[in-house]
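Just below is one structure, and these are the notes that go with it.
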Ligand SMILES: Cc1cc2nc3c(=O)[nH]c(=O)nc-3n(C[C@H](O)[C@H](O)[C@H](O)COP(=O)(O)OP(=O)(O)OC[C@H]3O[C@@H](n4cnc5c(N)ncnc54)[C@H](O)[C@@H]3O)c2cc1C
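Structural data, given as structure tokens:
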């Protein structure tokens, strides 16, 4: 059996990793494996999410990260120092509380924290900047070694990864996938997997299948290194600002993204100004630090906030996209589901491409 996967982000590579022992797998990548948002994200990982499906995928993915690191002998620099969601107003805090009850009911370790407890957790935190929050399981993973590690694991298991190879056509005959064309060459395949992230709508069109995932652009930056003082990953759900500190002390943070009509990754001064104000309001000691670099990434989300995973009405054309803001958190489990769709013919109603 031949499987062609489009996209070498976390979804494409984890699908390839899980398929490698059962099929001949080729991964096509238009640029290079860190080009997509899997190489541009902030690495926040947590099961403190807002739906049963996402919580299950996140819990499973964290277990997978633990085991894949050993299997491929590559350190993903996964630091489980916790995840902190804070809110600036009662309405947002109420929303977090609803999520909290769902998370608790599913066995997630999470508890409510007041602003002064947060101040004790994060040195220099301004307790007046928030109304309260919830602290629980999770932490930060470094996305680059994750992708390098999966790449290594895939290659060791016989997967061919083709960088700088753009897919321009998905070949369909009689309602069935026959292969694809990339860099002008035809590749025969029994299955074509659309793991192209923010470009998945375009790829789907090539197969004649409608996909209307929301495309989101998100900006992020890195501040100069400081002696480590921020343990958890912090997300302020009221103004979208998030930050954490990397193992080498750099403060990495951004603002939750906004819907755009086309994937593009330009950076803006406007983002830096907003981020600086919001981050300094939360942790005043960040004032005056230099910005070392900034960038942007694009990702896609299923219209209802859940991933799109499953076979389409074109036989052999598989959607594996729409993972949204938590793609790094749920990517490894999503890759396993893609393998089960192909190898065992499984369907997942909540993620089905047919649900829209
Ligand atoms: C700034 C930012 C911060 C984020 N923070 C977090 C976070 O803290 N936690 C979290 O869990 N998630 C986070 N995310 C989201 C997460 O990064 C994404 O959901 C996830 O990386 C999506 O992975 P993917 O494999 O679907 O897509 P991608 O990683 O984007 O990979 C898709 C690949 O497809 C390739 N491609 C496209 N078209 C073609 C073609 N025609 N032919 C061949 N290849 C093609 C692209 O080049 C790309 O490499 C963040 C994202 C951004 C941008």
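Numbering (our numbering), first residue to last: 74 to 429.
Don't be surprised by glycine CBs; every beta carbon is placed ideally from N, CA and C.
Review point. Whose C-alpha, out of 256, 177, 137 and 266, is nearest the C-alpha of residue 100?
Key: Nearest in C-alpha terms to residue 100, of all of 256, 177, 137 and 266, is 266.
Practice item. My understanding is that residue 419 touches residue 379, with C-beta atoms under 8 Å, so please give their C-beta distance in whole angstroms. Key: Your pair residue 419 and residue 379 does not check out as a contact, with CB atoms roughly 16 Å apart and the cut at 8 Å.
Practice item. Count the other CB atoms, across all protein chains shown, that sit within 10 Å of the CB of residue 373; report buried if there are 16 or more and exposed otherwise. Key: So residue 373 counts as buried.
Check your understanding: Would you say residue 217 touches ligand 1, meaning its beta carbon is less than 6 Å from a heavy atom?
Key -> Taking 6 Å as the cut-off, one finds no heavy atom of ligand 1 near enough to the beta carbon of residue 217.
Exercise for review: Please confirm whether any heavy atom of ligand 2 lies closer than 6 Å to the CB of residue 402.
Suggested key: You won't find ligand 2 in this model; what it holds is ligand 1.
**Study point:** Same chain only: Cβ atoms within 7 Å of residue 336, ignoring 5 sequence neighbours per side
**Key:** Within the same chain, residue 336 has close Cβ partners 271, 272, 288 and 371.
Check your understanding: Looking at C-alpha atoms only, which residue of 80, 311, 315 and 301 is the closest neighbour of residue 322?
Key -> The shortest Cα separation from residue 322 among 80, 311, 315 and 301 belongs to 301.
Point to revise | Minimum C-alpha distance to residue 126 - residue among 413, 402 and 412 | key: When C-alpha distances from residue 126 are compared across 413, 402 and 412, the shortest belongs to 402.
Review point. So what's residue 239 in DSSP terms, helix, strand or just coil?
Key: In the structure shown, residue 239 adopts coil according to DSSP, grouped into three states.
Point to revise | Top-ranked residue by Cα proximity to residue 131, from 381, 151, 211 and 351 | key: Out of 381, 151, 211 and 351, 211 has the C-alpha closest to the C-alpha of residue 131.
Practice item. Starting from the C-beta of residue 74, find all residues in its chain whose C-beta is less than 6 Å away, skip the five residues before and the five after it, and write them out in chain order. Key: Beyond the five residues adjoining it in sequence on each side, residue 74 comes within less than 6 Å, by CB distance, of 96 and 263 in the same chain, given in chain order.
Check your understanding: What residues in its chain sit with their C-beta under 8 Å from that of residue 201, if we drop five residues either side in the sequence?
Key -> Hits under 8 Å: 188.
Review point. Would a C-beta distance cut-off of 7 Å place residue 227 and residue 138 closer than the cut-off?
Key: For residue 227 and residue 138, no; Cβs fall outside 7 Å.
Check your understanding: Looking only at its own chain, which residues have a Cβ that is under 6 Å from the Cβ of residue 344, when we skip the five neighbours before and after it?
Key -> Result list for residue 344: 292, in chain order.
Exercise for review: Tell me whether the beta-carbon of residue 162 lies closer than 7 Å to the beta-carbon of residue 204.
Suggested key: A contact, by the Cβ cut-off of 7 Å.
Point to revise | Reduced DSSP category for residue 396 - H, G, I as helix; E, B as strand; rest coil | key: Here residue 396 sits in strand by DSSP.
Check your understanding: Just the Cα atoms here: how many angstroms apart are residue 198 and residue 316?
Key -> Take the alpha-carbon of residue 198 and the one of residue 316: they are about 12 Å apart.
Check your understanding: Would you say the beta carbon of residue 240 comes nearer than 6 Å to a heavy atom of ligand 1?
Key -> It does: the Cβ of residue 240 is within 6 Å (strictly closer) of some heavy atom of ligand 1.
Practice item. Give the DSSP-derived three-state secondary structure of residue 300 in the structure shown. Key: Here residue 300 sits in coil by DSSP.
Point to revise | Sub-7 Å separation of residue 208 and residue 151 beta-carbons | key: Not closer than 7 Å, so no.
Point to revise | Validate contact between the stretch 276–287 and the stretch 387–399 using beta carbons, cut 8 Å, 3 pairs | key: When Cβ pairs closer than 8 Å are counted between the two stretches, the stretch 276–287 is seen to touch the stretch 387–399, the count reaching three or more.
Point to revise | Continuous beta strand (DSSP E) stretch holding residue 260: start and end | key: Looking at the DSSP string, the run of the beta strand (DSSP E) that includes residue 260 is 258–261.
Check your understanding: Should residue 340 be listed as close to ligand 1, given that the test is whether its C-beta is under 6 Å from any heavy atom?
Key -> Outside the cutoff, so no.
Practice item. With a threshold of 6 Å, establish whether the CB of residue 101 neighbours any heavy atom of ligand 1. Key: Correct: residue 101 has its Cβ closer than 6 Å to ligand 1.
Exercise for review: Write down the C-beta distance between residue 184 and residue 294 rounded to the nearest angstrom, noting that I regard them as a contact closer than 8 Å.
Suggested key: Residue 184 to residue 294, Cβ: 31 Å. No contact.
Check your understanding: Any heavy atom of ligand 1 closer than 6 Å to the CB of residue 274?
Key -> The beta carbon of residue 274 sits no closer than 6 Å to any heavy atom of ligand 1.
Point to revise | Touching by the beta-carbon criterion (3+ pairs, under 8 Å), the stretch 99–117 and the stretch 232–250 | key: Yes: the two stretches touch, three or more of their Cβ pairs being nearer than 8 Å.
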